[in-house]
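Have a look at the structure below before the remarks.
Numbering (the UniProt record's numbering), first residue to last: 1 to 480.
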């Protein structure tokens, strides 16, 4: 459903337009780089970034968030492109979008509840490192003048906001681009510019149907890639939504965002673009520049296309040092320095999860895999903690044993629960007090039944007391 609420579009016009211009320019080198990773022509990434950014501005659920071609998605396309070619990639992109739309209607975004704060911190810190490392090859091509320009750019970005009246009115990254471009032009400096990145398209994207056989064999080829792309794309998008929600102090509609990503990828595939998702780096540039509405995302996409198609000669004046400075700023802004300062205050489990996410992402360059490992570790730590909470207090007499159980009884703690009981003690009656315990699953019910049966086999009567309503209902349902 199109989102055309006035306050989501025109409540922050000037700042959103200026922020969109910055992001549109910053999208160019990344779109080209991601095209190279996937093994396709630069125009495939540029068309994708335009189509996805413009589409998500209308269909998305999180205003001011930027979606375009991304590195994580490009990595998943390499084998498909190499083996079957561009047309199959376009078809896989359309199918990716269809899967994401379906996922949005089934509200898979609810799974984000399983992503802990430790995983989010690890995700952001790993991403910040990757963003910085991605600038190193460009830095290596700079001479002393390039480094001077980059340093000047960083100074403008961080100091310009403190200038009275105008400091908050214009995004400092835009001032950085303008000042360094004019300075390079005035000095006649011989340095790398955006136009040196590769060949730009000469025409607007046009609608096309992928030139592939429409049969089951084709579906067998593209479906595994589409499932993977859809999963990784939604995961990165939901993580980015979480971050932007925190930065802006507002909430987006995650389910609508899932559907919006799907619509955007369907449009991208039919317009000659590759699959994409939300970009956390560019989104942070956008909201850090003051953007808050959908207009910024639309401007970013439209400005990107206008630059590379109609005003490509202008890009010869924009030094790469300016964009590197902006991305370095994004890296430092993205990194969660508080997580380092409070490292000793966090629990060991929190720190292990956070570090594991960082290490996995840096080793594989796969943000989705890092998040998966983090969620898995978080679950294991929680299970261990719940299992450790199960305790027993025993009171024995000559004829009676009273077991008072406390904690959460579930599949992992069921064996520990069983080991609490002394089946060799000669008593006439056993009382199991579950007033401070909760029975969670069938495994636990079956283990409780086993305990009762083993006592009764020895002619010892068993009395259960203190069951809460939920536990009693579960036991009745399983045993009847």
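For glycine and all other residues, C-beta sits at the position ideal for the given N, C-alpha and C. Keep in mind it's a predicted model, so treat the numbers as computed, not measured.
query, result
"Those residues which DSSP pairs with residue 461 across a bridge", "429"
"Under the three-state DSSP convention, the category residue 319 falls into", "strand"
"Residues of its chain near residue 26, where Cβ-Cβ distance is below 8 Å and the 5 sequence neighbours each way are ignored", "173, 282, 285, 323, 326, 327"
"Enclosing alpha helix (DSSP H) for residue 84 [first to last residue]", "78-84"
"Residue 369 CB to nearest heavy atom of the ligand PLP below 8 Å", "As far as ligands go, the structure on display features none, and thus does not contain the ligand PLP."
"Assigned secondary structure, residue 204 (DSSP; H/G/I helix, E/B strand, else coil)", "coil"
"Beta-carbon contacts of residue 9 that lie in its chain and below 6 Å, excluding the five residues immediately before and after", "293, 294, 295"
"Sub-9 Å separation of residue 76 and residue 232 beta-carbons", "yes"
"Residue 169 versus residue 250 - alpha carbon distance", "21 Å"
"Contact under 9 Å by Cβ, residue 298 with residue 28", "no"
"Expected contact under 8 Å - CB spacing of residue 412 and residue 383 to nearest Å", "5 Å"
"Coil, strand or helix - residue 119 by DSSP", "helix"
"Of the listed residues 130, 338, 42, nearest to residue 273 (C-alpha basis)", "42"
"Exposure of residue 433, with buried meaning 16 or more beta-carbon neighbours within 10 Å", "buried"
"Pairwise C-alpha distance: residue 141 and residue 186", "22 Å"
"For residue 437, the residue or residues it bridges with in DSSP", "407"
"At least 3 beta-carbon pairs within less than 8 Å: the region 208-226 vs the region 80-94", "yes"
"Spatially closest choice to residue 153 from 329, 97, 367, 344, by CA coordinates", "329"
"Boundaries (first-last residue) of the alpha helix (DSSP H) holding residue 491", "With the chain represented from 1 up to 480, any question about residue 491 goes unanswered, as that position is not in the structure."
"Residue burial classification, residue 469 (beta-carbon count within 10 angstroms, cutoff 16)", "exposed"
"Straight-line Cα distance separating residue 246 from residue 343", "21 Å"
"Unbroken stretches of the beta strand (DSSP E), 3 residues or longer, contained in the region 251-339", "276-278"
"Beta-carbon separation (whole angstroms), residue 115 vs residue 361, contact threshold 8 Å", "Wrong, their Cβ atoms sit about 14 Å apart, outside the cutoff."
"Beta-carbon proximity list for residue 81, same chain, < 7 Å, skipping 5 on both sides", "38, 39, 40, 89"
"Sequence ranges, beta strand (DSSP E) only - wholly within the region 347-411, length at least 3", "391-396, 400-409"
"Reference residue 235, options 375, 475, 424, 24, closest by Cα", "375"
"Proximity below 9 Å, CB of residue 68 to CB of residue 57", "no"
"Alpha carbon of residue 206 to alpha carbon of residue 51, nearest angstrom", "11 Å"
"Cβ shell of residue 447 (< 7 Å), same chain only, five flanking positions each side left out", "414, 417, 418"
"Residue 105 burial status per 10 Å Cβ neighbour count (16 or more: buried)", "exposed"
"Sub-9 Å separation of residue 429 and residue 401 beta-carbons", "yes"
"Start and end residues, alpha helix (DSSP H) containing residue 181", "172-187"
"Cβ neighbour criterion (16 or more within 10 Å) applied to residue 473", "exposed"
"Element boundaries [beta strand (DSSP E), containing residue 68]", "67-69"
"Sheet register partners of residue 193 (DSSP bridge)", "319"
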